[in-house]
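Chemist: Protein chains in written order, with my numbering: chain A, 66 to 862; chain B, 3 to 120.
#1: With a Cβ-Cβ cutoff of 8 Å, do residue 767 of chain A and residue 793 of chain A count as a contact?
#2: Where residue 115 of chain B and residue 736 of chain A are concerned, what is the direct C-alpha to C-alpha distance, given to the nearest angstrom?
#3: I believe residue 70 of chain B touches residue 97 of chain B by the beta-carbon criterion, under 8 Å. Please report the beta-carbon distance rounded to the nearest angstrom.
#4: List in chain order: all unbroken alpha helix (DSSP H) runs of 4+ residues lying wholly within the segment 660 to 714 of chain A.
#5: Considering residue 77 of chain B, what are the terminal residues of the beta strand (DSSP E) in which it resides?
#6: Quick check: the Cα distance between residue 97 of chain A and residue 723 of chain A, rounded to an integer number of angstroms?
#7: Would you tell me roughly how many angstroms separate the C-alpha atoms of residue 357 of chain A and residue 347 of chain A, rounded to the nearest one?
#8: With a cut-off of 8 Å, does the C-beta of residue 692 of chain A fall near any C-beta of chain B?
#9: Near residue 479 of chain A, what residues of its chain come up, given a Cβ to Cβ distance below 6 Å and the 5 sequence neighbours on each side ignored?
#10: Given a cut-off of 8 Å, decide if residue 491 of chain A and residue 464 of chain A are closer than it, judged by their beta-carbon atoms.
#11: I need the straight-line Cα distance from residue 127 of chain A to residue 803 of chain A, nearest angstrom please.
#12: Give the DSSP-derived three-state secondary structure of residue 165 of chain A in the structure shown.
#13: In this structure, how does DSSP classify residue 215 of chain A when only helix, strand and coil are distinguished?
#14: Work out the CA separation of residue 751 of chain A and residue 333 of chain A for me, nearest whole Å.
#15: Less than 7 Å separating the Cβ of residue 276 of chain A from some heavy atom of the ligand FAD?
#16: In the DSSP assignment, find the unbroken alpha helix (DSSP H) run with residue 446 of chain A in it and report its ends.
#17: Checking contacts by CB at 8 Å: is residue 18 of chain B closer than that to chain E?
#18: Counting only Cβ-Cβ distances shorter than 8 Å, please list the residues of the segment 8 to 32 of chain B near chain A, keeping chain order.
#19: Are the C-beta atoms of residue 63 of chain B and some chain A residue less than 8 Å apart?
#20: Give a yes or no on whether the C-beta atoms belonging to residue 361 of chain A and residue 120 of chain A are separated by under 8 Å.
#21: If the criterion is Cβ atoms closer than 8 Å, does the pair residue 498 of chain A and residue 457 of chain A meet it?
#22: Hey, is residue 173 of chain A's beta-carbon within less than 8 Å of any beta-carbon in chain B?
#23: Taking any Cβ of chain A, which residues in the segment 74 to 104 of chain B have a Cβ under 7 Å from it, in chain order?
#24: Please name the residue in A:714, A:798, A:700 and A:262 whose C-alpha comes closest to that of residue 822 of chain A.
#25: If distances are taken between C-alpha atoms only, which option among A:261, A:674 and A:301 comes closest to residue 530 of chain A?
#26: For a cutoff of 8 Å on Cβ pairs, would you count residue 36 of chain B as touching chain A?
#27: Helix, strand or coil: which one does DSSP assign to residue 723 of chain A?
#28: Evaluate residue 115 of chain A with the Cβ neighbour count: other Cβ atoms within 10 Å of its Cβ, from every protein chain shown; 16 or more gives buried, anything less gives exposed.
#29: What do you reckon, are the CB atoms on residue 778 of chain A and residue 702 of chain A nearer than 8 Å?
#30: What residues in its chain sit with their C-beta under 6 Å from that of residue 862 of chain A, if we drop five residues either side in the sequence?
#31: For residue 54 of chain B, write down the residues that DSSP places opposite it in a beta bridge.
#32: Starting from residue 112 of chain A, trace the alpha helix (DSSP H) in both directions and tell me its first and last residue.
#33: Got a sec: is the Cβ-Cβ distance from residue 668 of chain A to anything in chain B below 8 Å?
#34: Since residue 107 of chain B meets chain A, which of its residues come closer than 9 Å, beta carbon to beta carbon?
#35: Within 10 angstroms of the Cβ of residue 3 of chain B, are there 16 or more other Cβ atoms? Answer buried if so, exposed if not.
#36: Could you give the first and the last residue of the continuous alpha helix (DSSP H) run that contains residue 480 of chain A?
This is the structure we're talking about:
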């Protein structure tokens with residue numbers, strides 16, 4: 066009973082930790098990241114390695130050398146991280162379908178085969194938990210232990226429930242679960258500590274009681290066959306570390322910064338080293354003290370045998386944490402995989418309401434089904450050792466390696482080739498390992514081919530060899546589609562993909578609502594028309610809305626994230642209509658205000674001819690001021706409309722320094738009126754552009770500065786890194802960081818006065834010149850214009 | 003002779019209104035924001051409020067609702083730059099007595115004020 070309570074308490078703690086960690090981005094330290102990679106070490110490590118060491122000595126080690134070597138392969142991981150982030154990949158099958166020409170079939174195939182391949186691995190965890198639970202119950206005189214099969218079923222259901230609660234609470238387009246990662250990192254810590262403490266205790270007892278151990282060192286000497294097994298196992302575990310869904314999940318999907326990977330590259334091998342230290346001592350102690358016992362149980366049995374029930378409980382907890390972490394993350398990763406590659410296209414095509422909720426529910430069902438399948442696998446193959454079961458899955462996961470690695474580094478790799486390779490690899494795997502594991506009498510595997518060799522190493526060698534060979538030959542033999550060739554460029558050479566591939570006929574009516582027909586035609590002819598259209602739209606609608614609009618009309622294959630996005634985009638399209646209406650409403654509001662004032666003043670003067678002279682003059686002054694405000698506003702709205710109509714800029718060689726001088730001369734009265742001092746540092750800064758437009762920009766910036774400065778305005782022009790720059794700075798109150806983008810939107814005024822369009826126009830002019838305009842500064846505001854430096858033709862400099 | 007409160011953030015619109023209403027013999031106070039308007043309405047108990055809808059801070063409709071929720075609600079004349087039917091209907095539904103769309107004439111405004119104060 067106390068054991069069950071312990072399990073429940075531990076799960077509750079884990080759950081609380083996960084809830085607490087959800088939404089706490091700050092906890093994403095490189096240490097949490099490194100520890101979360103520890104999900105690699107499962108119940109297999111905790112119980113199975115000791116068992117394995119009793120037979121092969123150091124034969125358990127390759128499983129950990131593989132990842133250690135794998136992490137040395139820097140470029141691989143960095144490249145993968147970058148690609149995954151850019152293309153929003155959540156798993157290897159995602160990667161494969163994107164890399165090989167957005168081919169859904171390949172992704173689905175890889176997903177299905179992976180699921181099949183990982184069943185033994187999940188079953189292993191169920192077996193380890195149940196086995197240790199029963200052993201501990203039975204050996205401490207608890208209630209009559211139930212049959213292994215039943216306990217395993219309860220375990221499977223409990224873990225499924227836990228995973229559903231933990232990992233499928235909401236649909237996150239990035240598939241990030243910070244709480245889950247924190248919990249996994251915590252479990253990595255628990256299993257390591259439990260393992261080390263148990264080992265120290267056992268060694269201490271052994272020396273204290275002067276027990277003798279069978280130091281059979283000849284077990285450690287490898288034969289020729291063993292050397293082959295070793296190399297194959299190192300390669301295999303390296304590939305498994307790369308290609309297991311849960312490793313991709315914790316390492317790539319949950320990666321926050323590349324820096325974290327840099328630290329994990331040395332810290333994670335250290336973790337593996339530490340967690341392997343206890344293996345040999347424990348297995349030797351087990352062989353000496355508990356001959357005849359299932360060696361997979363040594364970690365539990367040794368503390369009990371040496372008189373400490375508490376430490377046996379700790380050991381159980383360690384093994385339990387190792388197993389739960391693996392099951393939760395693997396089941397979650399697999400359910401994401403299934404919903405992304407198999408379910409979301411179906412849900413998308415159906416006319417169902419709220420596809421997001423449906424997908425979430427489907428994921429939950431998937432988790433439960435997966436664990437029941439794992440349980441069934443366990444029922445039908447009860448004989449294998451923990452390590453044997455795990456290795457079957459390793460070989461399966463490694464079958465993605467040829468397609469994945471070739472896809473990353475070889476441009477010629479083609480879809481049909483890798484698909485054939487994968488099918489062949491999985492067929493050999495099924496024949497050599499999977500089926501023999503279930504029905505050994507019917508399927509002998511390859512054991513009789515090379516009797517001295519480990520069946521795992523043998524099958525791995527044959528299946529991976531065939532897989533790779535077919536992938537390479539197939540890539541040469543079959544022609545590739547255009548789409549494939551393009552994706553190969555994007556993935557292998559890491560070229561930025563064209564931002565949009567859209568059918569102009571589909572886009573035209575949407576863009577037509579915002580851009581003029583002539584401009585639209587010009588854009589349609591240009592190779593980067595859609596990017597240019599976005600830039601133009603960004604000026605009208607703000608960058609975010611423009612992006613959404615373009616995304617909604619661009620053609621892309623939908624995935625789960627895009628379901629969520631498509632819903633949002635649809636909403637934003639409706640919002641866009643509102644936005645346009647709002648712009649018109651705002652303009653009309655802005656026009657009505659001065660117009661009302663003018664009309665009122667004029668009527669007032671008309672209605673009250675006998676008004677005192679002083680009041681009359683004041684009202685007349687205000688009337689003139691309001692008319693000026695109105696004409697300024699009208700001019701700016703027209704300006705904006707003209708700029709919006711697109712090109713038509715002159716391109717003449719200009720110098721920002723002389724433009725600045727001209728603008729300063731024109732603004733001198735305004736600046737003098739406010740008693741502002743001006744400091745200049747004008748170095749030549751050449752560009753090609755439209756004189757009048759740029760002068761307008763400068764005048765705008767200067768009048769802006771004059772309105773806000775306390776006592777001083779600075780104007781600077783210079784060149785920096787191939788760009789020409791102009792700065793206008795004032796010593797006024799400055800722009801708070803959260804307003805620094807907003808002030809460039811139409812009718813977003815920071816203070817009083819001004820039309821609310823000046824800066825919007827300035828930015829538009831800068832963009833029309835292919836340049837940028839932004840504001841910075843800690844005290845006061847510093848507006849910076851940056852444009853491509855022109856070639857100096859008129860001065861010969 | 004009535005107490006009138008103008009809630010309008012644009013001085014250039016407020017000024018002539020204030021002038022002409024004073025000339026008509028009313029006591030006139032003004033506020034530049036919705037919050038200030040509600041505070042002044044509390045203190046001065048105006049009979050009539052001239053209310054702009056586009057205000058900084060508290061929205062004009064919100065102010066209208068709170069004014070009308072008082073024990074002795076003042077009559078409200080909305081001055082709006084948004085001439086849309088929906089807005090007018092909403093304003094009247096929320097209890098405003100009259101609605102003027104900018105740019106309005108002073109005579110027009112005075113006529114409405116006289117009607118409302120009868």
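All C-beta atoms, glycine included, are put in the ideal place defined by N, C-alpha and C.
The model shown is predicted, which means the values in this text are computed figures rather than measured ones.
Modeler: By the coordinates alone:
#1: yes
#2: 44 Å
#3: Your pair residue 70 of chain B and residue 97 of chain B checks out as a contact, with CB atoms roughly 4 Å apart and the cut at 8 Å.
#4: 678 to 709
#5: 77 to 82
#6: 56 Å
#7: Note on geometry: alpha-carbon atoms of residue 357 of chain A and residue 347 of chain A lie some 15 Å from one another.
#8: no
#9: 540, 543 and 545
#10: yes
#11: 53 Å
#12: coil
#13: helix
#14: 53 Å
#15: Ligands displayed in this structure: none; no statement on the ligand FAD is therefore possible.
#16: Element bounds for residue 446 of chain A: n/a, residue is neither H nor E.
#17: The structure shown contains no chain E; its protein chains are A and B.
#18: Legend: CB atoms of the segment 8 to 32 of chain B lying less than 8 Å from CB atoms of chain A belong to residues 12, 14, 15, 17, 18, 19, 21, 22 and 25.
#19: For residue 63 of chain B, the nearest beta carbon of chain A is not closer than 8 Å to its own beta carbon.
#20: At least 8 Å separates the beta-carbon of residue 361 of chain A from that of residue 120 of chain A.
#21: yes
#22: no
#23: 83, 84 and 104
#24: A:700
#25: A:301
#26: no
#27: helix
#28: buried
#29: no
#30: Since pLDDT at residue 862 of chain A reaches only 36, below the 50 mark, its modelled position is unreliable, and no value is offered.
#31: B:81
#32: Careful: residue 112 of chain A lies outside any alpha helix (DSSP H) and carries neither H nor E.
#33: yes
#34: 664, 665 and 668
#35: exposed
#36: 480 to 494
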